[in-house]
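Residue numbers (my numbering), protein chains in the order written: chain A, 353 to 567; chain B, 353 to 567. Yeah, the Cβ is synthetic: ideal placement off N, Cα and C, and Gly gets one too. Quick caveat, the model's predicted, so the values are computed rather than measured. One structure below.
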């Protein structure tokens, strides 16, 4: 498989974590989103939506959208399972994942920050505040769900890593990029810390990628 | 089951369509998002995130996030199936669905439009333009994927209704609320028209709900 990736992409981070958890190696191609390389014809031919991640299967079929890719990986390589076996548990894990994927992250993608700057002429501090507001809001929503729910364990759902943890980690890391702090999110912070002890998460971190800026 | 709903909520629209397709009846409770009733303690006790939909099972468990609820309904009531049987097809359907759920819709929710108005002081015409831009952009991304793909049929994926069609319909209807037009989206428009011929879609339409404004 080939993965089209960018170090800072939170959606690609989720896919990298899942690939690591499943022990699947990919050939990686960097698409520099900050330089606008997603608009190059050669990438547009891979994903007409011009966003990463895109996962190209060995037969040439292209998968896109991080949640769809995560579900695919869990179906074709079921161990370790990233969804519980019961329908209600699966719904809970998917819902927690979607808070990150569909409520928080979409508000801070490069195309949205570009529109705020160039179309609405929002200042840099106000854009940072915008990003912290939505990323933090999604994390607060996750905290509200997991803090007192007895289904929460060492991780978001019991004591096994699920898609909810993969998405929680991407959300916390992204929140940090925008200067967010974790005081009001003790359960999220506890689970994130545990996730990051796992090499699958640690090695997927944006700053550990070959295309990341050097410290 | 009990459904917490609001006529204009696009996420609840998706759940209503799926419930209709599956032939599942629910007891409905209206949460007036435009009047701020999602912040009332009695609803916050149901969904601490204060968003609809929320689906309360007969044993009292609460499901949230439209995509998680759609997957749950498809698991517990498998016919008619809303996902294909092959993993790549499932990934394609979920990805098309996520373009609506995670790329388009999150930019135009009431809380985002409220922030644009009250925190960033964006004018009403510029807010409408914002909403059309993101809703139309997601539909253009869907069009880019489905227009030339031989996996597309009468519907987004072959000739059976899937979650992609459910989400496409919600996206087109929402786009219309913000004054969007369909000239550049022929495949999306064709599939949407076919969906709306189906009573499960037609009866779920926002303007057909008891809490909708009277014409």
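Excluding the 5 residues flanking residue 444 of chain A on each side, which residues of the same chain have their C-beta closer than 7 angstroms to its C-beta?
In the first chain, residue 444 of chain A corresponds to position 92, counting from 1. Within the same chain, residue 444 of chain A has close Cβ partners 503, 509.
Proximal residues of chain B, C-beta to C-beta of residue 400 of chain A below 8 angstroms
Along the first chain, one-based indexing puts residue 400 of chain A at 48. 493, 496, 497, listed in chain order.
Figure out for me which residue from A:414, A:432, A:439 has the closest Cα to the Cα of residue 414 of chain B.
Numbered from its first residue, the second chain carries residue 414 of chain B at position 62. For the residues A:414, A:432, A:439, the minimum Cα distance to residue 414 of chain B belongs to A:439.
Since residue 423 of chain B meets chain A, which of its residues come closer than 8 angstroms, beta carbon to beta carbon?
As a first step, residue 423 of chain B must be located in the second chain, where it is residue number 71. The answer, in chain order, is 442, 443, 446.
Have a look at residue 435 of chain A and residue 519 of chain A and give me their C-alpha separation to the nearest angstrom.
On the first chain, position 83 is the one that residue 435 of chain A refers to. On the first chain, position 167 is the one that residue 519 of chain A refers to. Roughly 13 angstroms separates the two Cα atoms.
Could you tell me the alpha carbon to alpha carbon distance between residue 482 of chain A and residue 474 of chain A, rounded to whole angstroms?
Position 130 of the first chain, counting from 1, holds the residue named residue 482 of chain A. Position 122 of the first chain, counting from 1, holds the residue named residue 474 of chain A. Distance between the alpha carbons of residue 482 of chain A and residue 474 of chain A is about 10 angstroms.
What are the start and end residues of the alpha helix (DSSP H) that includes residue 457 of chain A?
As a first step, residue 457 of chain A is located in the first chain; it is residue number 105 there, counting from the start. From DSSP, residue 457 of chain A is part of no alpha helix (DSSP H); its letter is neither H nor E.
If we ignore side chains and look at the alpha-carbon of each, how far apart do residue 511 of chain B and residue 505 of chain B end up?
Taking the second chain and counting its residues from 1, the one referred to as residue 511 of chain B is at position 159. Taking the second chain and counting its residues from 1, the one referred to as residue 505 of chain B is at position 153. Their Cα atoms are separated by approximately 5 angstroms.
Contact between the region 371-383 of chain B and the region 387-402 of chain A (3+ Cβ pairs under 8 angstroms):
no
Hey, how far is the Cα of residue 529 of chain B from the Cα of residue 373 of chain B?
Sequence index remark: in the second chain, residue 529 of chain B carries index 177 (1-based). Sequence index remark: in the second chain, residue 373 of chain B carries index 21 (1-based). Rounded to the nearest angstrom, the two C-alpha atoms are 24 angstroms apart.
Using a C-beta to C-beta distance shorter than 7 angstroms, which residues of chain B count as neighbours of residue 391 of chain A?
As a working mapping, residue 391 of chain A is identified with position 39 in the first chain. The contacting residues do not exist; residue 391 of chain A stays about 13 angstroms from chain B at best.
Taking only beta carbons into account, state which residues of the region 448-464 of chain A come closer than 9 angstroms to chain B, listed in chain order.
448, 449, 450, 451, 453, 454, 455, 456, 457, 458, 459, 461, 463, 464
Taking only the alpha-carbon atoms, compute the straight-line gap between residue 573 of chain A and residue 432 of chain A and give it to the nearest angstrom.
This structure does not reach residue 573 of chain A, given that chain A is present from 353 up to 567, and the question cannot be answered.
If you count every other CB in all the chains shown that lies within 10 Å of the CB of residue 562 of chain A, and 16 or more means buried, which is it?
Reading the first chain from its first residue, position 210 is the one you call residue 562 of chain A. So residue 562 of chain A ends up on the exposed side.
In the DSSP assignment, find the unbroken alpha helix (DSSP H) run with residue 564 of chain A in it and report its ends.
Mapped onto the first chain, residue 564 of chain A falls at position 212. Here residue 564 of chain A belongs to no alpha helix (DSSP H), and DSSP marks it neither H nor E.
Between residue 554 of chain B and the rest of its own chain, which residues show a CB-CB distance below 8 angstroms, the 5 nearest in sequence each way excluded?
Here residue 554 of chain B corresponds to residue number 202 of the second chain, with the count starting at 1. Within the same chain, residue 554 of chain B has close Cβ partners 548, 560.
Taking the alpha carbon of residue 591 of chain A as the point to measure from, which residue in A:540, A:424, A:545, A:420 has its own alpha carbon closest?
The displayed coordinates of chain A run from 353 to 567. Any statement about residue 591 of chain A would go beyond what the structure contains.
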